[in-house]
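K.L.:
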Amino acid sequence: MNAPIIMGITSGAAFLLGFLLFANLRKVNVIANSYLGLFIITLGLAMIEIPLFYTNFHLKHPNLFEAIGLSRFLTAPFLYISIQYFTSFSKKIHHKDVLHFLPFICFLIFRIPFFVTGKNIEFDEDERKIVFFVLRNALPLQIIIYWILSFATLQIHLKNIKQFSSSVEKNDLLWLKYFLLILLVIVFAWFNLLFFDLKKLVDLTPFLYLSSIFFLAYFSLQQREIFDFSQSELQELSSLKIDKKENSKRVSDTRMAELNEKLKTLIQSEKIYLENDLSLPKLAKKLDATSNETSFLINEMYQDNFYNFINKYRIEEAKTLLLSEKYSQLNILGIAFESGFNSKTTFNTTFKKYIGLSPTEFVKSNTDLMKKEV
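Residue 321 in numbering that gives the first Met the number 0 is what sits at position 322 of the sequence shown, and the numbering runs on without skipping anything.
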């Protein structure tokens with residue numbers, strides 16, 4: 000199957016996926032998915048240029064073909080804005096988003112003479128070199144900048160969610176991070192077409208595009224609401240002081256002592272950490288405190304974030320269960336759920352982080368020790 004046919008199939012798949020994300024029948028992460036859908040659609044437009052070129056579409060409909068080419072300047076901003084909304088508590092569209100489309104607007108204005116007359120603007124030799132340099136490098140530069148911004152945003156998100164969530168696998172957006180890494184390979188393949196023309200990579204490029212669309216479709220169509228909180232809880236979380244420099248003394252010593260006693264009761268007597276869906280707002284509600292107060296309490300009194308604070312207790316519970324005769328019939332997944340974890344992978348990773356052994360190794364080492372004592 001040749002490249003134009005594969006790219007045609009890929010662009011068709013992209014248009015379908017883009018429409019599904021934009022329509023968003025499940026109504027999850029609405030604004031983020033709208034922009035992600037637009038990103039996929041513009042990516043599909045970029046892909047369809049190749050099969051259109053082979054059918055001489057650019058000669059029959061030069062203005063439309065030029066407009067499709069210009070839409071490439073929308074692709075990277077749509078992706079970045081989408082990730083911004085995926086990682087934001089805000090449910091409203093920001094007017095400042097339009098600033099990301101200034102390069103597209105500038106190039107659109109630049110190409111107006113072509114749309115009107117069908118002819119390019121005339122330049123002298125020196126001006127032509129400058130214009131060619133800008134046209135050749137503007138889009139690659141834009142893509143690199145927005146890729147870096149997008150990746151950095153996801154990294155910050157992964158750090159921040161540990162301030163209010165005890166189980167991050169539902170909202171860590173790792174699928175978007177992996178997609179960005181795949182996109183990096185695609186961008187390199189595209190740069191190869193522009194600057195290097197390595198034959199083997201050229202042949203693989205259509206398959207890379209097709210694979211990326213199917214990867215994104217698989218994960219994006221089964222995503223859940225990232226911040227599944229009430230409006231009041233979202234407002235509280237959005238005001239959390241994540242930066243320690245901003246984390247000034249904002250709770251009195253008396254209030255801190257009162258909250259700490261309540262927290263100890265919830266931890267030691269009620270074992271609240273065993274609740275799989277425990278979040279900062281949920282814990283704050285049980286303490287009769289705000290999310291800000293609760294976060295400050297954990298940060299200041301225990302020198303830790305919410306995620307680590309809760310999961311340390313879960314690991315201690317897991318250690319007890321693993322060595323208990325009462326729970327000996329449970330496998331590792333069962334122990335994970337009983338300890339408050341939502342997945343075996345997270346349980347194994349967290350256990351190894353704190354204990355230095357996997358759960359299986361921990362049980363074996365203690366079993367061997369007991370045999371020696373006998």
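Backbone N, C-alpha and C fix where the C-beta goes; we use that ideal spot for every residue, glycine too.
Note that the structure is predicted; figures quoted are calculated from it, not measured.
Going by CA-CA distance only, name the one from Ala22, Glu260, Glu232 and Tyr306 that's closest to Tyr272.
P.N.:
Here residue 272 corresponds to residue number 273 of the sequence shown, with the count starting at 1. Of the candidates Ala22, Glu260, Glu232 and Tyr306, the one whose C-alpha sits nearest the C-alpha of Tyr272 is Tyr306.
K.L.:
So, Leu140 versus Ile82, is the Cβ gap smaller than 8 Å?
P.N.:
Translated into positions along the sequence shown, residue 140 becomes position 141. Translated into positions along the sequence shown, residue 82 becomes position 83. No, Cβ-Cβ distance for Leu140 and Ile82 is not below 8 Å.
K.L.:
So, is Gly333 buried or exposed, given that buried needs 16 or more other C-beta atoms within 10 angstroms?
P.N.:
Here the question's residue 333 lines up with position 334 in the sequence shown. Result: exposed.
K.L.:
Identify the continuous alpha helix (DSSP H) that holds Ser290 and give its terminal residues.
P.N.:
Here residue 290 refers to the residue found at position 291 when the sequence shown is read from its first residue. Annotation for Ser290: the continuous alpha helix (DSSP H) segment containing it runs Ser290 to Met300.
K.L.:
In the DSSP assignment, find the unbroken alpha helix (DSSP H) run with Val115 in it and report its ends.
P.N.:
For the purposes of this step, residue 115 is taken as the residue at position 116 of the sequence shown. Residues Ile111 to Thr116.
K.L.:
Apart from the five residues on each side of it in sequence, which residues of its chain come closer than 7 Å, Cβ to Cβ, to Pro76?
P.N.:
Indexing the sequence shown from 1 puts residue 76 at position 77. For Pro76, where only same-chain residues beyond five positions count, the Cβ hits under 7 Å are His99, Phe100 and Tyr145.
K.L.:
Leaving out five residues before and five after Phe85 in sequence, what residues of the same chain have Cβ atoms less than 7 Å from its Cβ?
P.N.:
Start at 1 with the first residue of the sequence shown, and residue 85 comes out as number 86. Cβ neighbours of Phe85 within its own chain (closer than 7 Å, five residues either side excluded): Asn28, Ala31, Leu172, Leu175 and Ile225.
K.L.:
According to DSSP, is Ser210 helix, strand or coil?
P.N.:
Position 211 of the sequence shown, counted from the first residue, corresponds to residue 210. For Ser210, the three-state secondary structure derived from DSSP is helix.
K.L.:
By Cβ distance, which residues of its chain are closer than 6 Å to Val373, with the 5 residues on each side in sequence left out?
P.N.:
Position 374 of the sequence shown, counted from the start, is the residue given in the question as residue 373. Here the model assigns Val373 a pLDDT of 37, short of 50, so the residue's position is not dependable, and the following value carries that caveat. There are no such residues.
K.L.:
If you pair each beta-carbon of the segment 336 to 348 with each one of the segment 311 to 318, do three or more pairs fall below 8 Å?
P.N.:
yes
K.L.:
Which of the three DSSP states is assigned to Leu16 in this structure?
P.N.:
Taking the sequence shown and counting its residues from 1, the one referred to as residue 16 is at position 17. Note: Leu16 maps to helix in three-state DSSP.
K.L.:
According to DSSP, is Ser278 part of a helix, a strand, or is it coil?
P.N.:
Indexing the sequence shown from 1 puts residue 278 at position 279. Three-state DSSP puts Ser278 in a strand.
K.L.:
If you compare alpha carbons, which of Asn170, Ser87 and Ile147 is closest to Leu180?
P.N.:
As a working mapping, residue 180 is identified with position 181 in the sequence shown. With distances taken between Cα atoms, Leu180 lies closest to Ile147.
K.L.:
Quick one: what does DSSP say Ser164 is sitting in, helix, strand or coil?
P.N.:
The residue given as residue 164 occupies position 165 in the sequence shown. Ser164: strand per DSSP, three-state reduction.
K.L.:
Classify Ser364 as buried or exposed, calling it buried when 16 or more other Cβ atoms lie within 10 Å of its own Cβ.
P.N.:
Counting from one through the sequence shown, the residue named residue 364 turns up at place 365. So Ser364 ends up on the exposed side.
K.L.:
According to the Cβ coordinates, are Ala317 and Phe295 closer than 8 Å?
P.N.:
The residue given as residue 317 occupies position 318 in the sequence shown. The residue given as residue 295 occupies position 296 in the sequence shown. Contact: no.
K.L.:
Compute the Euclidean distance between the alpha carbons of Leu157 and Asn62, then round it to the nearest angstrom.
P.N.:
Stepping through the sequence shown from its first residue, residue 157 is reached at position 158. Stepping through the sequence shown from its first residue, residue 62 is reached at position 63. Straight-line Cα distance between these residues: approximately 43 Å.
K.L.:
In its own chain, which residues sit with a C-beta less than 8 Å from the C-beta of Leu183, not counting the 5 before and 5 after it?
P.N.:
Locating residue 183 in the sequence shown gives position 184, where the first residue counts as 1. Same-chain partners within the cutoff: Trp146.
K.L.:
Contact between the segment 319 to 333 and the segment 284 to 294: three or more CB pairs below 8 Å?
P.N.:
In short, these stretches do not touch, since the Cβ pair count stays below three.
K.L.:
Just verifying my parser: in three-state terms, what is the DSSP assignment at Gly333?
P.N.:
Position 334 of the sequence shown, counted from the first residue, corresponds to residue 333. Three-state result, Gly333: helix.
K.L.:
Apart from the five residues on each side of it in sequence, which residues of its chain come closer than 6 Å, Cβ to Cβ, to Leu16?
P.N.:
On the sequence shown, position 17 is the one that residue 16 refers to. Excluding sequence neighbours, Leu16 sits near Ile39 and Ala216.
K.L.:
For the putative contact between Phe14 and Gly43, defined by C-beta atoms under 8 Å, what is the C-beta separation to the nearest angstrom?
P.N.:
Walking along the sequence shown from the start, residue 14 turns up at place 15. Walking along the sequence shown from the start, residue 43 turns up at place 44. The Cβ separation is near 5 Å, so the contact holds.
K.L.:
For Thr349, which of helix, strand or coil comes out of DSSP?
P.N.:
Here residue 349 refers to the residue found at position 350 when the sequence shown is read from its first residue. Correct three-state label for Thr349: helix.
K.L.:
For Ile47, I'd like the list of residues in its chain whose CB is within less than 6 Å of its CB, leaving aside the five on either flank, ordered along the chain.
P.N.:
Here residue 47 is taken as the residue at index 48 of the sequence shown, counted from 1. Here the set comprises Ser10.
K.L.:
Following the continuous alpha helix (DSSP H) through Arg254, name the residue where it begins and the one where it ends.
P.N.:
Taking the sequence shown and counting its residues from 1, one reaches residue 254 at position 255. Note, Arg254: alpha helix (DSSP H), Asp252 to Gln267.
K.L.:
If we ignore side chains and look at the alpha-carbon of each, how far apart do Asn170 and Gln222 end up?
P.N.:
Position 171 of the sequence shown, counted from the first residue, corresponds to residue 170. Position 223 of the sequence shown, counted from the first residue, corresponds to residue 222. Cα to Cα, Asn170 sits roughly 9 Å from Gln222.
K.L.:
When you compare each of Tyr34, Val130 and Met300 to Val250 by their alpha carbons, which one comes out closest?
P.N.:
Taking the sequence shown and counting its residues from 1, one reaches residue 250 at position 251. Measuring from the Cα of Val250, the nearest candidate turns out to be Met300.
K.L.:
Whole angstroms are fine: how far does the CA of Leu262 sit from the CA of Lys26?
P.N.:
For the purposes of this step, residue 26 is taken as the residue at position 27 of the sequence shown. For the purposes of this step, residue 262 is taken as the residue at position 263 of the sequence shown. For Lys26 and Leu262, the distance between alpha carbons rounds to 36 Å.
K.L.:
Taking the C-alpha atoms as reference points, what is the distance between Tyr353 and Glu232?
P.N.:
The residue given as residue 353 occupies position 354 in the sequence shown. The residue given as residue 232 occupies position 233 in the sequence shown. One C-alpha to the other measures close to 31 Å.
K.L.:
If I'm right that Phe88 touches Ser211 with Cβ under 8 Å, what's the distance once you round it to whole angstroms?
P.N.:
The residue given as residue 88 occupies position 89 in the sequence shown. The residue given as residue 211 occupies position 212 in the sequence shown. Phe88 to Ser211, Cβ: 29 Å. No contact.
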